[in-house]
Amino acid sequence: MTDIFAPSEKRDSFEVDQHITASSRYYAGRVGSRFFIALRDEQKILGSHCPKCNLTYWPPRNTCGRCFSQLSESDLLEIGPLGTLETFTSPNYTPPQPLPSAPVLYGIIKLDGADTGMAHLLSEVDFEDLKIGLRMQPVFAESPEANILAIRYFKPAQE
Ligand SMILES: [Zn+2]
525 MTDIFAPSEK
535 RDSFEVDQHI
545 TASSRYYAGR
555 VGSRFFIALR
565 DEQKILGSHC
575 PKCNLTYWPP
585 RNTCGRCFSQ
595 LSESDLLEIG
605 PLGTLETFTS
615 PNYTPPQPLP
625 SAPVLYGIIK
635 LDGADTGMAH
645 LLSEVDFEDL
655 KIGLRMQPVF
665 AESPEANILA
675 IRYFKPAQE
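Numbered by the working numbering, the letters in the sequence shown go through residues 525 to 683 in order.
Below, the structure is given as structure tokens:
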């Protein structure tokens, strides 16, 4: 009998090609629902604030990552809309629709009033002009839906 968990330099390896397309729907939770509805209906960005740790999370979360306190809708506050670019990249990869084709620019933006950053698309800027610390502003969709693409992308702020 072959022990499949034994060290096996002699075992053949192989690769499997497959293509998976999956759709899903999930409940965004009380805090997540408020976040997406505020984005869609008011173009407001909400973060959740842990009063015990004095930390504000973006995107908002139900649980503080430091002290594990439960955070609720009453812990939501408006943050941004301006923020600071913490890092960026340009992967040579075309993400699935409805995202734009490669080359795309991604960055992590820490909004004013938040202690965490979140990745999002960057546009209206060349990769060569990006730099850590650049001030950024969101560009909202004209007909936003209740998802993160209510913010189409971030661009350098015109302060
Ligand atoms: Zn906390």
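Cβ coordinates follow ideal geometry from the N, Cα and C atoms, glycine included. No experiment lies behind these values; they were computed from the predicted model shown.
| Asked | Found |
| --- | --- |
| Every unbroken alpha helix (DSSP H) within the stretch 545-624, with a cutoff of 4 residues, ordered by chain | 553-566 |
| Residues near Lys568 in its chain [Cβ-Cβ closer than 7 angstroms; skip 5 each side] | Ala562 and Glu602 |
| Test item: CB-CB of Leu646 and Tyr677 under 8 angstroms | yes |
| C-alpha distance - Cys574 paired with Cys588, whole-angstrom precision | 6 angstroms |
| Spatial neighbours of Glu669 in its chain, beta-carbon cut-off 7 angstroms, leaving aside the 5 residues before and after | Arg564 |
| Proximity to Phe612 [Cα-Cα], best of Arg590, Phe664 and Pro680 | Pro680 |
| Distance CB(Gly607)-CB(Ile633) smaller than 8 angstroms | yes |
| Ligand 1 heavy atom lying under 7 angstroms from the CB of Arg590 | yes |
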